[in-house]
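I have placed the structure first, in the form of structure tokens, so that the comments after it can refer back to it.
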Amino acid sequence: MNILITGATGFLGKKLSQDLVNEGHTLFLLARNEQKASQLLQSFADKDKTNVHIVMGDISQTGLGLAKQDLQHVQHKIDAVYHLAAYLSFDPAHKSQTFTVNVDGTKNTLLFAEAIGAKRFIYVSTAYTVGKEVAGKEELYSPERSFVNHYEESKCLAEHLVFSHSEKIEVVIVRPSIIIGDSRTGEADTNFGLYGLLKGLCVLKRRASRTPGWEKQTYRMRLDVDVQTNLVPVDYVTSVLVAALTHARHKEIYHATNPAPPTQELVIECIKEVLDFPNLQTIPYESTESFSDEESVFQSSMSIFKEYCTRTIHFPSDNTKELLHKANRSELIMNKALLISIIRGYQKQPVLT
Ligand SMILES: NC(=O)c1ccc[n+]([C@@H]2O[C@H](COP(=O)([O-])OP(=O)(O)OC[C@H]3O[C@@H](n4cnc5c(N)ncnc54)[C@H](OP(=O)(O)O)[C@@H]3O)[C@@H](O)[C@H]2O)c1
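Going by the UniProt record's numbering, the sequence shown opens with residue 1, and the numbers climb by one from there.
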């Protein structure tokens with residue numbers, strides 16, 4: 001098939017592009033940055049390069065800002081569009097850009113997909129469009145709910161836009177939870193989610209280790225140990241996305257989530273082991289203990305994630321289970337050993353240092 005992908009230079013997009021090219025598809029990858037586009041192209045094996053075409057554009061512009069020549073290149077040629085491009089920020093100061101890219105950008109991409117005659121539109125949303133609730137469902141949520149941040153709200157509004165075009169184009173929504181590295185290599189080109197925590201803990205350890213005798217001290221972080229955190233390896237998410245290309249039902253929503261998510265206690269145990277940070281301790285959120293300077297700096301940098309660390313959210317995934325079954329693909333099973341190896345793989349990458 002001929003497939004157009006937005007967000008192909010991103011963490012998930014790179015892996016999805018590789019998987020789709022390995023399946024024999026021809027790709028048209030939208031990129032807005034020449035250097036990233038060229039690096040992306042170089043990442044494909046020589047034998048695949050002829051099946052990969054870069055299209056320069058920006059989803060915040062009408063018609064995605066495509067040059068006439070590129071437009072002709074994709075017109076009446078595209079079987080499916082994967083729309084991944086988004087602005088991933090929880091910072092309230094980035095509200096305007098978050099809505100411009102995630103909501104207006106989705107509208108522009110939908111209109112573009114229709115204009116070039118694409119048959120199917122697969123939108124990558126997030127499981128956290130559930131907002132502040134604790135029970136998810138594989139259905140559209142009302143946007144009249146409390147959200148943790150503008151990112152969640154923008155993705156929920158974008159889902160509604162996608163469904164509002166369902167008379168004109170086949171639409172599918174896939175909602176991943178917190179995406180972590182590849183289950184085989186740990187590779188994870190992102191600072192988002194788990195990797196924000198890992199980076200913060202590396203900094204805490206580095207700062208702490210400047211003090212003589214630091215090994216004998218404990219370093220505390222607030223955490224509700226029993227809360228589950230829904231981590232999914234990037235290759236599981238791309239497996240669901242590839243299956244959706246041929247087996248997803250029109251107007252259906254699929255949770256690319258972990259059916260047996262680890263507790264935060266387990267995640268921290270794995271991180272302590274990988275970072276060799278045994279003197280890291282967790283204390284409950286409601287604790288009134290006072291923090292050292294190093295601990296306070298770390299704690300305040302993590303405060304943006306608090307809403308995700310203090311409640312377990314259940315994400316049913318019956319639609320995804322059925323989808324994977326139809327496509328003869330496996331469901332996710334992530335045990336402690338796998339989690340450790342994913343975190344270990346990431347630690348080798350320069351982004352952490
Ligand atoms: N990472 C997660 O844990 C997670 C979890 C759930 C859902 N998701 C969803 O998965 C998708 C991919 O996430 P990711 O982690 O791969 O994000 P990412 O690494 O930040 O990649 C975002 C991609 O969007 C592109 N982009 C942003 N603004 C654009 C614009 N105006 N025009 C064209 N392209 C633009 C970026 O291009 P540049 O490279 O030029 O910046 C990049 O390719 C997003 O829709 C996100 O909401 C992610």
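All C-beta atoms in this analysis are idealised placements derived from N, C-alpha and C, irrespective of residue type, glycine included.
Item to check | Separation of Ala118 from Glu269, as counted between CA atoms | outcome: Start at 1 with the first residue of the sequence shown, and residue 269 comes out as number 269. Start at 1 with the first residue of the sequence shown, and residue 118 comes out as number 118. Those two C-alpha atoms are separated by around 46 Å.
Checklist entry - Going straight from the alpha carbon of Leu88 to that of Asn149, what length do you get? => result Residue numbering aside, residue 88 sits at position 88 when the sequence shown is read from its first letter. Residue numbering aside, residue 149 sits at position 149 when the sequence shown is read from its first letter. Near 11 Å, if we compare the C-alpha coordinates of Asn149 and Leu88.
Checklist entry - In whole angstroms, what separates the C-alpha of Leu84 from that of Ile342? => result If you number the sequence shown from 1, residue 84 lands on position 84. If you number the sequence shown from 1, residue 342 lands on position 342. C-alpha separation (whole angstroms): 23 Å.
Checklist entry - Tyr236: which of Gly7, Thr185, His25, Ala208 sits nearest, CA to CA? => result Residue 236 sits at position 236 when you count from the first residue of the sequence shown. Of Gly7, Thr185, His25, Ala208, the residue nearest in Cα terms is Thr185.
Checklist entry - Applying the criterion that 16 or more other CB atoms from any shown protein chain within 10 Å of the CB defines a buried residue, is Glu295 buried or exposed? => result Here residue 295 is taken as the residue at index 295 of the sequence shown, counted from 1. Burial call: buried.
Item to check | Cβ contact check for the stretch 100-112 and the stretch 154-174: 3 or more pairs under 8 Å | outcome: Because the criterion of three Cβ pairs below 8 Å is met, the stretch 100-112 and the stretch 154-174 touch.
Checklist entry - Where does His255 land, buried or exposed, given buried means 16+ other C-beta within 10 angstroms? => result Within the sequence shown, numbered from 1, the residue matching residue 255 stands at position 255. By the Cβ-count criterion, His255 is buried, with 16 or more other Cβ atoms from all chains shown falling within 10 Å of its own Cβ.
Next on the checklist: Quick check on the DSSP output: the alpha helix (DSSP H) that includes Gln281 runs from which residue to which?
Outcome noted: To locate residue 281, count along the sequence shown from 1; it is residue 281. Note, Gln281: premise wrong, no alpha helix (DSSP H); beta strand (DSSP E) at 280-283.
Checklist entry - Which residues mark the beginning and the end of the beta strand (DSSP E) in which His53 is found? => result Reading the sequence shown from its first residue, position 53 is the one you call residue 53. Judged by DSSP secondary structure, His53 falls within the beta strand (DSSP E) whose first and last residues are 52-56.
Checklist entry - Is there at least one non-hydrogen atom of ligand 1 closer than 7 Å to the beta-carbon of Leu88? => result For the purposes of this step, residue 88 is taken as the residue at position 88 of the sequence shown. True, at least one ligand heavy atom lies under 7 Å from that Cβ.
Item to check | Which of helix, strand or coil DSSP assigns to residue 360 | outcome: Because the chain spans 1 through 353 in this model, residue 360 falls outside it and cannot be assessed.
Item to check | Rounded separation between Ala135 and Trp214 - CA only | outcome: Start at 1 with the first residue of the sequence shown, and residue 135 comes out as number 135. Start at 1 with the first residue of the sequence shown, and residue 214 comes out as number 214. Take the alpha-carbon of Ala135 and the one of Trp214: they are about 42 Å apart.
Item to check | Whether Val234 touches Leu27 by CB criterion (8 Å) | outcome: For this step, residue 234 is matched to residue 234 along the sequence shown. For this step, residue 27 is matched to residue 27 along the sequence shown. The answer is no: Cβ separation not under 8 Å.
Checklist entry - Leaving out five residues before and five after Ile333 in sequence, what residues of the same chain have Cβ atoms less than 8 Å from its Cβ? => result Translated into the one-based positions of the sequence shown, residue 333 becomes position 333. Hits under 8 Å: Ala260.
Next on the checklist: If you measure between the beta carbons of Ser230 and Phe315, is that distance less than 8 Å?
Outcome noted: Sequence index remark: in the sequence shown, residue 230 carries index 230 (1-based). Sequence index remark: in the sequence shown, residue 315 carries index 315 (1-based). Correcting the residue type first, residue 230 is Asn in the shown sequence and not Ser. It is a contact, given that the beta carbons lie within the stated cut-off.
Checklist entry - Can Val124 be considered in contact with ligand 1, in the sense that its beta carbon sits closer than 7 Å to one or more heavy atoms? => result On the sequence shown, position 124 is the one that residue 124 refers to. A distance criterion of 7 Å places the beta-carbon of Val124 in contact range of ligand 1, judged by its closest non-hydrogen atom.
Item to check | Length-filtered (4 minimum) alpha helix (DSSP H) runs lying within the stretch 276-322 | outcome: Counting only runs of 4 or more, we get 293-302, 306-309.
Checklist entry - Taking the Cβ atom as the reference point for each residue, do Tyr285 and Thr310 lie within a distance shorter than 8 Å? => result Translated into positions along the sequence shown, residue 285 becomes position 285. Translated into positions along the sequence shown, residue 310 becomes position 310. Result yes, Cβ atoms of Tyr285 and Thr310 sit closer than 8 Å.
Checklist entry - Terminal residues of the continuous beta strand (DSSP E) containing Thr6? => result What you label residue 6 is simply residue 6 of the sequence shown in a count that begins at 1. Element bounds for Thr6: 2-6.
Item to check | Between the CA atoms of Asp189 and Glu273 - distance to the nearest angstrom | outcome: Counting from one through the sequence shown, the residue named residue 273 turns up at place 273. Counting from one through the sequence shown, the residue named residue 189 turns up at place 189. Roughly 21 Å between the two C-alpha positions.
Checklist entry - Taking 7 Å as the line, does the beta carbon of Leu84 fall inside it for any heavy atom of ligand 1? => result On the sequence shown, residue 84 is found 84 positions in, with the first residue counted as 1. For ligand 1, at least one heavy atom lies less than 7 Å from the Cβ of Leu84.
Checklist entry - CB Ala243 to CB Ser177, shorter than 8 Å? => result Here the question's residue 243 lines up with position 243 in the sequence shown. Here the question's residue 177 lines up with position 177 in the sequence shown. No, they are not a contact pair.
Item to check | Leu266 to Lys205 span [Cα, whole Å] | outcome: Translated into positions along the sequence shown, residue 266 becomes position 266. Translated into positions along the sequence shown, residue 205 becomes position 205. Using only the alpha carbons, I get a separation of about 19 Å.
Next on the checklist: Starting from Glu252, trace the beta strand (DSSP E) in both directions and tell me its first and last residue.
Outcome noted: The count along the sequence shown starts at 1 and reaches residue 252 at position 252. Glu252 -> beta strand (DSSP E) spans 252-256.
Checklist entry - Under the three-state reduction of DSSP, which class applies to Leu324: helix, strand or coil? => result Locating residue 324 in the sequence shown gives position 324, counting from the first residue. In this structure, Leu324 counts as helix in the three-state DSSP scheme.
Next on the checklist: Just verifying my parser: in three-state terms, what is the DSSP assignment at Thr9?
Outcome noted: On the sequence shown, residue 9 is found 9 positions in, with the first residue counted as 1. Looking at Thr9 - three-state DSSP - the assignment turns out to be coil, as it is neither helix nor strand.
Checklist entry - Beta carbon of Ala248, beta carbon of Val124: below 8 Å? => result Translated into the one-based positions of the sequence shown, residue 248 becomes position 248. Translated into the one-based positions of the sequence shown, residue 124 becomes position 124. It is not a contact, given that the beta carbons lie outside the stated cut-off.
Checklist entry - Mind checking Lys168: buried by the 16 CB within 10 Å criterion, or exposed? => result The count along the sequence shown starts at 1 and reaches residue 168 at position 168. So Lys168 ends up on the exposed side.
Next on the checklist: I'd like the span of the alpha helix (DSSP H) that includes His83, first residue to last.
Outcome noted: Position 83 of the sequence shown, counted from the first residue, corresponds to residue 83. No alpha helix (DSSP H) holds His83; the beta strand (DSSP E) holding it covers 80-83.
Next on the checklist: Please tell me whether, using a cut-off of 7 Å, the distance from the CB of Gly131 to the nearest non-hydrogen atom of ligand 1 is below it.
Outcome noted: If you number the sequence shown from 1, residue 131 lands on position 131. No, ligand 1 has no heavy atom inside 7 Å of this Cβ.
Next on the checklist: Within a Cβ cutoff of 8 Å, which residues of the same chain sit near Lys326, ignoring the five residues on either side of it in sequence?
Outcome noted: Locating residue 326 in the sequence shown gives position 326, where the first residue counts as 1. Around Lys326: Ala243, His247.
Item to check | Any beta strand (DSSP E) of 3 or more consecutive residues that is wholly inside the stretch 167-228 | outcome: 170-176, 178-180, 219-222
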